[in-house]
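Data first, discussion second: the structure below is written as structure tokens.
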Amino acid sequence: YKEVGINVVGEELKAEARKQLDTEHGIKLKVMRSEQAEGAFAAIKEDMGFDRFHRRGLKTVKMEFLMVCLGYNLRKYHSWRLRRMAAVPHNMMS
């Protein structure tokens, strides 16, 4: 038989977290998270076409995800660099 119980400390911590997230500051933090983290995951999935891991095992899945993140960050850097170069007049570039 399995015993099922309620973790009282865990429930208290969850209730406290919910209470803090329902404050004005907590709502702002939730919005910031959705803008930052969710946008990055959406770009990885939609723009880069990454929808599943092709490796098995925690170590190789971590490596694959790090490679995907590296690709995402390189794309961001590349587009930032192109925008920056376009903003500088050609006679000022060296």
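Position 13 of the sequence shown, counted from 1, bears residue number 29 in my numbering, the numbering being contiguous throughout. Beta carbons: idealized from backbone N, C-alpha and C, even for Gly. Everything numeric in this text was worked out from a predicted model, so none of it was measured.
Distance, residue 80 Cα to residue 114 Cα: Lying before the first or after the last residue shown, residue 114 is absent from the chain, which here runs from 17 to 110.
How about residue 60 and residue 66: are their beta carbons less than 8 angstroms apart? yes
Compute the Euclidean distance between the alpha carbons of residue 20 and residue 34, then round it to the nearest angstrom. 24 angstroms
Secondary structure of residue 100, DSSP reduced to three states: helix
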